[in-house]
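My numbering numbers the first residue of the sequence shown as 67 and each following residue consecutively.
Think of the CB as a built atom: it goes at the ideal place given N, C-alpha and C, for glycine as much as any other residue.
Here the structure is a predicted model, which is why all the values come from computation and not from measurement.
Heads up: the structure comes next, in structure tokens.
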Amino acid sequence: MKTNPTQFFRTLMAILTISFSVNAVAQKSKSNGTYDNIEFKMAKVNEPKIPKNTVNLKDFGAVNGGYVLNTKAFEDAITALSKKGGGKLIIPPGIWLTGPIILKSKIELHAQTGALIKFSPDKSLYPIIETSFEGLNTWRCISPLYGKNLEDVAFTGNGVWDGSGEVWRQVKKAKLTESQWKKFVNSGGVLNESKTSWYPSETFMKASVGADQNVRLDLKTKEEFEAIHDFLRPVLVSIQNSKRVLFDGPVFQNSPAWNIHPLMIEDLIVRNITVRNPWFSQNGDGLDVESCKNVIVENSSFDVGDDAICIKSGKDKDGRDRGVPCENIIVKNNIVYHGHGGVTVGSEMSGGVKNMHVSNCTFMGTDVGLRFKSNRGRGGVVENIFISDIFMTDIPSQAISFNLYYGGKSIAETLEEGGDKIVNQKMPVDEKTPQFKNISIKNVTIKGAQQAVFLQGLPEMNLENIEISNLIAKAEKGFTIVDANGIKIHNAKLDIDKPNVIDIYNGKNMSFKDIEFNSTSSKAITINGEATENVEFVPSANSDFAKKTVIGETVPKSAVKL
Numbered sequence: 067m068k069t070n071p072t073q074f075f076r077t078l079m080a081i082l083t084i085s086f087s088v089n090a091v092a093q094k095s096k097s098n099g100t101y102d103n104i105e106f107k108m109a110k111v112n113e114p115k116i117p118k119n120t121v122n123l124k125d126f127g128a129v130n131g132g133y134v135l136n137t138k139a140f141e142d143a144i145t146a147l148s149k150k151g152g153g154k155l156i157i158p159p160g161i162w163l164t165g166p167i168i169l170k171s172k173i174e175l176h177a178q179t180g181a182l183i184k185f186s187p188d189k190s191l192y193p194i195i196e197t198s199f200e201g202l203n204t205w206r207c208i209s210p211l212y213g214k215n216l217e218d219v220a221f222t223g224n225g226v227w228d229g230s231g232e233v234w235r236q237v238k239k240a241k242l243t244e245s246q247w248k249k250f251v252n253s254g255g256v257l258n259e260s261k262t263s264w265y266p267s268e269t270f271m272k273a274s275v276g277a278d279q280n281v282r283l284d285l286k287t288k289e290e291f292e293a294i295h296d297f298l299r300p301v302l303v304s305i306q307n308s309k310r311v312l313f314d315g316p317v318f319q320n321s322p323a324w325n326i327h328p329l330m331i332e333d334l335i336v337r338n339i340t341v342r343n344p345w346f347s348q349n350g351d352g353l354d355v356e357s358c359k360n361v362i363v364e365n366s367s368f369d370v371g372d373d374a375i376c377i378k379s380g381k382d383k384d385g386r387d388r389g390v391p392c393e394n395i396i397v398k399n400n401i402v403y404h405g406h407g408g409v410t411v412g413s414e415m416s417g418g419v420k421n422m423h424v425s426n427c428t429f430m431g432t433d434v435g436l437r438f439k440s441n442r443g444r445g446g447v448v449e450n451i452f453i454s455d456i457f458m459t460d461i462p463s464q465a466i467s468f469n470l471y472y473g474g475k476s477i478a479e480t481l482e483e484g485g486d487k488i489v490n491q492k493m494p495v496d497e498k499t500p501q502f503k504n505i506s507i508k509n510v511t512i513k514g515a516q517q518a519v520f521l522q523g524l525p526e527m528n529l530e531n532i533e534i535s536n537l538i539a540k541a542e543k544g545f546t547i548v549d550a551n552g553i554k555i556h557n558a559k560l561d562i563d564k565p566n567v568i569d570i571y572n573g574k575n576m577s578f579k580d581i582e583f584n585s586t587s588s589k590a591i592t593i594n595g596e597a598t599e600n601v602e603f604v605p606s607a608n609s610d611f612a613k614k615t616v617i618g619e620t621v622p623k624s625a626v627k628l
């Protein structure tokens with residue numbers, strides 16, 4: 067029995083509408099406790115233990131209004147609490163201008179509703195320190211909120227932490243309205259020769275030449291880095307090599323680079339927070355969890371200029387030498403309004419990522435929904451990832467994306483330059499070869515995307531054991547699968563604009579079962595590549611795969627079963 071395309075489309079749209087309408091109710095009514103239905107063993111994450119001592123920022127001479135620098139008031143208040151063994155610093159309603167705040171153990175910063183902590187735009191207040199940025203060991207300006215080798219740290223309340231990122235970042239003209247662009251130009255700074263980018267200073271513009279994305283690998287000494295101080299924009303919140311860290315309630319926004327960067331934290335809880343950056347902010351990530359163990363990210367919202375919820379573990383040799391994976395991670399009940407990726411793994415994943423659960427998340431207008439990225443040179447293994455109940459709408463590129471040729475650009479930028487290329491040159495496998503395997507993605511609804519699924523591994527290290535099931539997708543393009551082994555696509559309902567729905571190149575040990583799509587083209591499925599083997603499309607009452615499949619001449623005989 068053949069599927070009527072018109073009836074199929076109506077049925078699919080009805081399912082999509084129902085799925086999105088019930089999602090909001092489901093998020094409220096579903097019990098879905100933090101540790102429910104986790105697929106791996108994970109100890110309960112320990113919360114910080116903060117003594118009951120309390121002080122108020124105003125008691126240390128802080129001045130409201132945003133015109134008096136309160137750095138010393140913050141320092142004195144934290145020091146006073148620390149001498150008592152720790153406690154809560156209450157930041158009352160008001161506008162509190164400050165330089166960097168250096169955190170100490172057993173301190174809770176409680177920003178009350180109405181409190182706006184505005185970090186000074188004076189870059190001279192932020193000395194450079196040895197640290198890690200974008201997975202590499204380097205020098206950067208100290209973060210507005212900074213702490214290292216700590217225990218028991220908390221950010222609570224419903225106040226706002228603002229990083230004054232507008233004075234730090236490069237801005238591209240193409241990402242701004244005409245009035246926004248004029249405002250930046252009139253504020254000072256410099257333009258590049260083509261007048262397509264604004265830089266905060268000439269030092270910044272010159273320093274960006276030759277950088278590995280945002281890190282200068284050619285510079286070695288502190289003095290060399292000091293000469294490009296303006297270029298070394300920090301993350302808003304940097305907490306490193308610490309235990310029991312909590313973010314619960316506040317707004318974190320307008321960061322110079324990444325917003326929140328927990329690095330090598332054991333027992334990290336991020337919940338009920340709002341993370342905001344302008345959508346045009348360069349490297350304006352939301353949350354970058356790097357080489358952390360025992361992590362919860364839940365009930366939070368993100369609207370940012372780069373990847374929203376990012377899981378990392380160091381880059382290339384620096385990441386491999388550190389050798390600390392990101393592991394035991396729960397990501398639940400989050401919303402992403404804008405970002406390059408909703409939930410992202412990589413591209414800095416050289417220490418590995420394992421045991422990760424993602425569920426009940428909604429992505430609206432993110433460049434990519436679920437984004438996995440790396441490239442040769444990284445090394446590292448990403449494995450045991452479990453993703454379910456994901457709802458996406460209006461995705462301008464790939465809803466689900468695995469790209470092992472990532473080059474530092476967003477998917478949108480890659481598409482503007484002609485899209486992802488099929489590369490089939492096999493390289494030797496060594497410690498620099500990244501590996502992605504054992505990943506389950508189920509119960510996904512995609513209502514509008516440039517492409518539903520893009521899976522591209524390496525010829526020498528295929529994507530391995532990726533399972534996508536219970537998928538409902540409306541998109542311009544369907545599946546592209548390149549250099550992948552052990553792929554299972556089960557129970558998928560696809561409404562795809564293009565006549566070609568599934569394109570496979572060098573696929574091995576693949577199973578397609580209970581697949582429905584609306585294309586009537588004789589080329590709805592195309593299979594190519596001499597490495598193709600054991601690809602099976604299990605027929606159903608609503609499918610006639612044999613009449614809709616083209617098998618290339620290089621594909622070995624009997625490699626495909628329809």
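According to the neighbour-count rule (16 or more other Cβ atoms, all chains shown, within 10 Å of its Cβ), is residue i buried or exposed?
i: E174; result: buried
i: S624; result: exposed
i: K378; result: buried
i: D369; result: buried
i: F495; result: For clarity, residue 495 is Val in the given sequence; the question names Phe instead. Result: exposed.
i: E196; result: exposed
i: G443; result: exposed
i: E619; result: exposed
i: S609; result: buried
i: T499; result: buried
i: A128; result: buried
i: P316; result: buried
i: D284; result: exposed
i: E683; result: With the chain represented from 67 up to 628, any question about residue 683 goes unanswered, as that position is not in the structure.
i: G276; result: exposed
i: E200; result: buried
i: N215; result: exposed
i: E393; result: buried
i: G446; result: buried
i: D102; result: exposed
i: P159; result: exposed
i: A139; result: buried
i: T287; result: exposed
i: G99; result: exposed
Could you give the C-beta distance for residue i and residue j, rounded to a whole number, given that I count them as a contact under 8 Å?
i: D228; j: L182; result: 6 Å
i: F429; j: G412; result: Not a contact, Cβ separation roughly 17 Å.
i: A143; j: L163; result: That pair is no contact at about 15 Å.
i: V219; j: S308; result: 7 Å
i: S367; j: N343; result: About 12 Å; that fails the 8 Å criterion.
i: S260; j: F297; result: With a Cβ gap of about 20 Å, S260 and F297 do not count as contacting.
i: R310; j: E217; result: 6 Å
i: G131; j: Q178; result: With a Cβ gap of about 17 Å, G131 and Q178 do not count as contacting.
i: G371; j: Q348; result: 7 Å
i: K614; j: S587; result: 7 Å
Check whether the Cβ atoms of residue i and residue j sit closer than 8 Å, and answer yes or no.
i: F611; j: I591; result: yes
i: A518; j: G544; result: yes
i: L257; j: V251; result: yes
i: S263; j: K239; result: yes
i: T546; j: N572; result: no
i: Q306; j: F270; result: no
i: F438; j: E105; result: no
i: L202; j: D384; result: yes
i: E292; j: I167; result: no
i: K420; j: E449; result: yes
i: E596; j: K627; result: no
i: H423; j: I396; result: yes
i: R405; j: D382; result: Position check: residue 405 holds Gly in this sequence, whereas Arg was assumed. No, Cβ-Cβ distance for G405 and D382 is not below 8 Å.
i: G225; j: G180; result: yes
Using 8 Å as the threshold, is the segment 204-215 in touch with the segment 145-161, meaning 3 or more CB pairs across them?
These segments do not touch.
Write down every uninterrupted run of the beta strand (DSSP E) in the segment 109-156 whose length is 3 residues or greater and which is fully enclosed by it, in chain order.
Note on the segment 109-156: whole beta strand (DSSP E) runs with a minimum of 3 residues are 120-122, in chain order.
Would you say the segment 548-564 touches the segment 528-535, given that touching needs at least three Cβ pairs under 8 Å?
Judged by Cβ distances under 8 Å, the segment 548-564 makes contact with the segment 528-535, as three or more pairs qualify.
If you pair each beta-carbon of the segment 511-525 with each one of the segment 465-473, do three or more pairs fall below 8 Å?
Yes: at least three Cβ pairs fall under 8 Å.
Are there three or more Cβ pairs, one per stretch, closer than 8 Å when the segment 325-338 is compared with the segment 353-372?
The segment 325-338 vs the segment 353-372: in contact.
Is it true that the segment 412-428 meets the segment 381-393, where meeting means three or more beta-carbon pairs spaced less than 8 Å apart?
Yes, they touch.
Could you give the uninterrupted runs of the beta strand (DSSP E) lying entirely in the segment 192-270, keeping only those of 3 residues or more?
Annotation: the segment 192-270 contains the following complete segments of the beta strand (DSSP E) (minimum length 3 residues), in chain order: 194-199, 202-207, 211-214, 217-223, 226-228 and 263-265.
Please give the ranges of any beta strand (DSSP E) in the segment 379-465, keeping only runs that are unbroken, at least 3 residues long and fully inside the region.
Taking 3 residues as the minimum length, the beta strand (DSSP E) runs contained wholly in the segment 379-465 are 392-398, 401-404, 407-411, 419-430 and 434-439, in order along the chain.
As an exercise, report each continuous beta strand (DSSP E) stretch of at least 3 residues that is fully enclosed by the segment 596-622, in chain order.
Runs of the beta strand (DSSP E) inside the segment 596-622: 599-604 and 615-617.
Which runs of the beta strand (DSSP E) fall wholly inside the segment 276-333 and span at least 3 residues, in chain order?
If we require 3 residues or more, the beta strand (DSSP E) runs fully inside the segment 276-333 come out as 303-314 and 317-319.
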